[in-house]
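The next block holds one structure in the form of structure tokens; read it before the comments.
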Amino acid sequence: MPIVKNILGIVCFLVLAYLFSRNRKNINWRAVTVLLLVNFLVALFFIKSSSGRDAIVTLATGFQSIVSVANDGIKVVAAGLVPEDGSQMSFFAGALLPILMIVPLFDILTYFGVLPFIVRYIGKLISYVTRVPKFESFFSIEMMFLGNLEVLAVSILQLNSNKPERNLTLAMMSMSCVSAAILSAYMNLMPAEYVLVAVPLNVINVLIITSILNPVQLSPEEDTIATYDKNNRKPFFAFLGESIMNSGKLVLIIAATVITFISFVSLINKGLQLIYPDLTLMSIMGLIFYPLSWLLGLGSEDAFIMGQIMGTKIITNEFIAMLSVQDIVQSFSPHLKCVATMFVTSFANLGTLGMVIGFFSGLNNHEKFSVIFNNVAYLLLSGVLVSLMTAGIGGLFVW
0 MPIVKNILGI VCFLVLAYLF SRNRKNINWR AVTVLLLVNF LVALFFIKSS
50 SGRDAIVTLA TGFQSIVSVA NDGIKVVAAG LVPEDGSQMS FFAGALLPIL
100 MIVPLFDILT YFGVLPFIVR YIGKLISYVT RVPKFESFFS IEMMFLGNLE
150 VLAVSILQLN SNKPERNLTL AMMSMSCVSA AILSAYMNLM PAEYVLVAVP
200 LNVINVLIIT SILNPVQLSP EEDTIATYDK NNRKPFFAFL GESIMNSGKL
250 VLIIAATVIT FISFVSLINK GLQLIYPDLT LMSIMGLIFY PLSWLLGLGS
300 EDAFIMGQIM GTKIITNEFI AMLSVQDIVQ SFSPHLKCVA TMFVTSFANL
350 GTLGMVIGFF SGLNNHEKFS VIFNNVAYLL LSGVLVSLMT AGIGGLFVW
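Numbering follows numbering that gives the first Met the number 0, in which position 283 of the sequence shown is assigned residue number 282; successive positions increment by one, without gaps.
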């Protein structure tokens, strides 16, 4: 039965984490067990209960409302990019340009302490229930709002005071985040309800996987939470101007990355087709990742499709994976639609690996962070396993 295969897959993903654990004796199985239970309950609530589905619909509607407001600004500057007949906008106009409004909005909420307040108390709740260290709980929530490099940047004081093994955990966690500011872009390409459910599941699964892969014992003095320095923050309009500039850079970076990677994939495909007419990079990815996608409870044909999506996302990034199936995702079986959307909803890819390593390379204390440079494979392994767990647990409730 597919559901039995799906459950077997979740067990296999956990076993893989255990086999590659850096310190099996120190794994906090109580925390892992509680987090798994919370994971199943969260997925069950948001996917199966009417209240959970209503909450997701409300969130999706809220994000779409923000995008519609952003479109008002786009129309003023570039009216031709927003079709008057209601037809679908291009990826650049519909998914990327709204970031110019959404990123500053989230930055404003951060500046005035709204998001830090929410993040801090959700993090404390997770820590209290699961007994996961306070800072890791806080970090897992914060990175889902700010993104990987941003959350690392505001945590530099904590990073410099942490023991090296703990920083490896934080680096691994950074591979599995998303940024709330670009969720609307994801929702423009993939089923919105599964994009939103994937976010809390990623938060929980990153704690599960890192607790197994890299368990670290802490003293009470080390179990602290980083705080924002409100006394040294910039004046509001200087802050806002910088946020707007950064959002513009982000749009250009994403656009340039998508153009470059898709062009290179096309170039590789043309070269492969000289060897065999039907051979493509995606078909190779489908075969490589077939065993993992099969463990998500998929049949042979769907597992091959999912393998292609997984390979594309890991080798390139989530936007390219989403664009590759944007026109056909609604024709997928319900289970494939769910697991595909949840798997791609994170930053876990080779590009993110490079950015995280680059961030730590830019910090002064190379001796403290050498454990990260010596365990680069753990970062990618953590990101892939978190995405698999999120897809596997979410997929259990959609058939």
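Built from N, CA and C at the ideal position, the CB exists for glycine as well.
TODO: Go ahead and label phenylalanine 303 buried or exposed: buried means 16 or more other beta carbons lie within 10 angstroms of its beta carbon, across all protein chains shown.
DONE: buried
Rounded Cβ spacing between threonine 315 and methionine 189 (contact assumed at less than 8 angstroms): 16 angstroms between Cβ atoms; not a contact.
Any idea what DSSP makes of alanine 16, helix, strand or coil?
Of the three classes helix, strand and coil, the one that applies to alanine 16 here is helix, per DSSP.
Nearest-angstrom Cα separation, counted from glycine 79 out to arginine 119 | 42 angstroms
Cβ of leucine 212 within 8 angstroms of Cβ of arginine 21? yes
query: Is the CB of glycine 8 under 8 angstroms away from at least one CB in chain D?
result: As a matter of chain content, chain D is missing from the structure shown, which is built from one protein chain.
Glycine 361 versus Asn159, Ile117, Pro82, residue with shortest Cα-Cα distance:
Asn159
**Q.** Spatial distance of leucine 414 from lysine 47 (CA atoms)
**A.** A question about residue 414 goes unanswered here, because the residues of the chain that appear run from 0 up to 398.
ask   = When the distance is taken between beta carbons, is isoleucine 313 closer than 8 angstroms to leucine 349?
value = yes
DSSP state of aspartate 106 mapped onto helix, strand, coil: helix
Review point. Which residues in the same chain as glycine 393 place their Cβ atom closer than 8 angstroms to its Cβ, once the five residues preceding and following it in sequence are excluded?
Key: Cβ neighbours of glycine 393 beyond the five flanking positions: Ala42, Ile46, Tyr193, Val196, Ala197, Leu200, Cys337, Val338, Met341.
Which whole-angstrom value is the C-beta distance of phenylalanine 12 and leucine 387, which I expect to be below 8 angstroms?
5 angstroms
*asked:* Quick test of the definition: if touching needs 3 or more C-beta pairs under 8 angstroms, does the region 293-309 touch the region 231-251?
replied: no
| request: Provide the residue span of the alpha helix (DSSP H) that contains valine 68, from first to last. | output: 49-76
| query | Nearest-angstrom Cα distance between threonine 311 and methionine 281? | reply | If you draw a straight line from the Cα of threonine 311 to the Cα of methionine 281, it comes to about 7 angstroms.
Exercise. Where are the alpha helix (DSSP H) runs, 4 residues long or more, that stay fully inside the region 101-185, in chain order?
Worked result: 113-129, 133-145, 147-152, 155-160, 163-173
Is serine 89 helix, strand or coil when you go by DSSP?
coil
Pair within 8 angstroms by beta-carbon distance, phenylalanine 62 and methionine 186 | Result yes, Cβ atoms of phenylalanine 62 and methionine 186 sit closer than 8 angstroms.
Considering only their Cβ atoms, is the gap separating serine 210 from valine 150 smaller than 8 angstroms? no
If you follow the alpha helix (DSSP H) that isoleucine 26 is part of, which residue opens it and which one closes it? For isoleucine 26, there is no enclosing alpha helix (DSSP H), as DSSP marks it with neither H nor E.
Notebook entry, point to check: How big is the Cα-Cα spacing for alanine 323 and threonine 259?
Noted result: The question names alanine, yet the displayed sequence has serine at residue 323. Each residue's alpha carbon lies about 15 angstroms from the other.
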